[in-house]
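Peer 1: Here the numbering used here runs 4 ahead of the position in the sequence shown, where the first position is 1. For each residue, glycine too, the CB sits at the ideal point set by N, CA and C. The structure's right below; bear with me while I get my questions together.
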Amino acid sequence: MPEKTLAPYAVSVSAHGRQFAEPAPLGRSEFQRDRDRIIHSGAFRRLEYKTQVFVNHEGDLFRTRLTHSIEVAQIGRSIARHLRLNEDLVEAISLAHDLGHTPFGHAGQEALNACMKDHGGFEHNLQSLRVVDVLEERYAAFDGLNLCFETREGILKHCSLEHAAQLGDVGARFINDKRPSLEAQIANLADEIAYNNHDVDDGLRSGLITIDQLASVRLFASQLNVVRAEYPNLAERRLIHEIVRRMINILVTDLIAQTEHNIGTCTPQNVDDVRTVPPLVAFSTEMQELNRELKVFLRTHLYRHYRVMRMSTKARRIISDLFQAFTGDTRLLPPQFVAKDEAKQARQVADYIAGMTDRYAIREHRRLFAVE
Ligand code: MG
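Okay, here's the thing in structure tokens:
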């Protein structure tokens, strides 16, 4: 089958380019080069040891930020290919979207944000951008990875107006109320499809939630019935996987159909048209409701499960102890994190902590606070 050409409203080339001009890559597209740079970054490798929901050392089979990011890229690429959008760009955004996450998942981010409240706050989307723009020190000619504008705008999913004003080109859309490319919109919803479904899978595997509880969630129940009718004697692990893969498929299929409908109604002629209309990548109204029901279930029964809460509380304590110790006495910091300008010290401590893996943060806490 011949390669499908990109739709006219896809991002085909980088219209806004890189901050530092570089020769065009040979034999690969600009967005493939972005993806390759992301994969070779130190921050990407650290994703392997960062929590999604379960702390990294709790079990070898649970998702980490790394496997999560790979699943997001897989789902995003499928959607992009079907819609004749730029798969390479979706992949680059997906693989980079969580680079700025702290150790210990959302508990870690909340704790660091609280520590940084008098110093501009801490937000993982902004931090992901900071990783690729500034913090990676790998190239001779520039700090960061010098990624294309379109990849960077996709990484910056959300942003306050106050922060947007300081972010130049990628901040402008928040101020001007514009949308990002369809590729960025896909990566955003692929993220949601991936985590809702793998959290069901990991939640069941951990025993914190059960199939009986999930039978109250319509999206899960409908597929449970389908699989049980077809395979009445299926072992539980296979049953769960068969349900989860069907749920992902239903969400992806619905998203593609609704997005095709929205594009058909709105008829964007190019990428600039995409930016001026409401988001075109979307679930149907019915699927939004089913998806919301699943999210509410996960929040109530998994993310607030007492065993997850215990770990979250410990995580908050570790992050805030580290922050207080390092800002209170900078002699405790590795020299490269001691700021020349004292006003920037808190931000450098935040960069140091955000870059830690779960186990590194635990060890660092032990080194600083254990007496024996
Ligand atoms: Mg994510």
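Is Cys152 near Gly31, with beta carbons less than 8 angstroms apart?
Peer 2: no
Peer 1: Roughly how many whole angstroms lie between the Cα atoms of Lys161 and Asn129?
Peer 2: Distance between Lys161 and Asn129, taken at the CA atoms: about 6 angstroms.
Peer 1: In the stretch 320-365, which residue ranges form an unbroken alpha helix (DSSP H) of at least 4 residues, counting only runs that do not cross its ends?
Peer 2: 349-358
Peer 1: Please report the distance separating the alpha-carbon of Asp330 from that of Gln349.
Peer 2: First, the residue type needs correcting, since residue 330 is Phe and not Asp in the sequence shown. Between Phe330 and Gln349, the C-alpha separation is close to 9 angstroms.
Peer 1: So the candidates are Gly158, Phe224, Gly125; which of them puts its Cα closest to the Cα of Glu297?
Peer 2: Phe224
Peer 1: Between the stretch 311-319 and the stretch 79-94, are three or more C-beta pairs nearer than 8 angstroms?
Peer 2: no
Peer 1: For Glu157, which option in Gly175, Leu193, Glu234, Leu238 has the closest C-alpha, if you only look at C-alpha atoms?
Peer 2: Gly175
Peer 1: Taking its Cβ as the centre, do 16 or more other Cβ atoms sit within 10 Å of Pro338, making it buried, or is it exposed?
Peer 2: exposed
Peer 1: Using beta carbons (cut-off 8 angstroms, strictly below), is Arg67 in contact with chain C?
Peer 2: Here chain C cannot be found, since the structure has a single protein chain.
Peer 1: What number of angstroms, rounded off, separates the C-alpha of Arg232 from the C-alpha of Asp203?
Peer 2: 21 angstroms
Peer 1: Have a look at Gln56 and Pro283 and give me their C-alpha separation to the nearest angstrom.
Peer 2: 27 angstroms
Peer 1: Distance check for Leu336 and Ala374, CA to CA, integer angstroms please.
Peer 2: 15 angstroms
Peer 1: Let me know the secondary structure DSSP gives Cys163 once reduced to three states.
Peer 2: coil
Peer 1: Using only Cβ atoms and a threshold of 5 angstroms, which residues come within that distance of a heavy atom of the ligand MG? Order them by chain position.
Peer 2: Asp102, Asp195
Peer 1: Whose CA, out of Pro184, Ala365, Ile215, Ala347, lies closest to the CA of Arg321?
Peer 2: Ala365
Peer 1: Who are the Cβ neighbours of Leu70 in its own chain at under 7 angstroms, not counting the five residues just before and after it?
Peer 2: Leu51, Glu52
Peer 1: Thr106 by DSSP, collapsed to three states: which one?
Peer 2: coil
Peer 1: Whole alpha helix (DSSP H) runs in the stretch 236-298 with 4 or more residues, listed along the chain?
Peer 2: Counting only runs of 4 or more, we get 240-270, 275-280.
Peer 1: Please name the residue, chosen from Ala11, Ala115, Gly80, that lies closest to Ile197 on a Cα-to-Cα basis.
Peer 2: Ile197 has its Cα closest to that of Gly80, out of Ala11, Ala115, Gly80.
Peer 1: According to DSSP, simplified to helix, strand and coil, what is Thr71?
Peer 2: helix
Peer 1: Identify whether His55 lies in helix, strand or coil by the three-state DSSP scheme.
Peer 2: Just to set this straight, residue 55 is Thr in the shown sequence, not His. Looking at Thr55 - three-state DSSP - the assignment turns out to be strand.
Peer 1: To the nearest angstrom, report how far apart Ile42 and Leu149 are at their CA atoms.
Peer 2: Going by the C-alpha atoms only, they are around 8 angstroms apart.
Peer 1: Mapping DSSP to helix, strand and coil, what is Arg22?
Peer 2: strand
Peer 1: I'd like to confirm the pairing. Which residues does DSSP put opposite Cys119 in its beta bridges?
Peer 2: Beta-bridge pairing links Cys119 to no other residue.
Peer 1: Out of curiosity, what's the CA-to-CA distance linking Arg370 and Ala96?
Peer 2: 36 angstroms
Peer 1: Can you say whether Arg67 is buried or exposed, counting buried as having 16 or more other CB atoms within 10 angstroms of its CB?
Peer 2: Its Cβ being crowded by 16 or more others within 10 Å, Arg67 is buried.
Peer 1: CB Ile247 to CB Gln227, shorter than 8 angstroms?
Peer 2: yes
Peer 1: How many Å lie between Glu114 and Tyr235 at the Cα?
Peer 2: 43 angstroms
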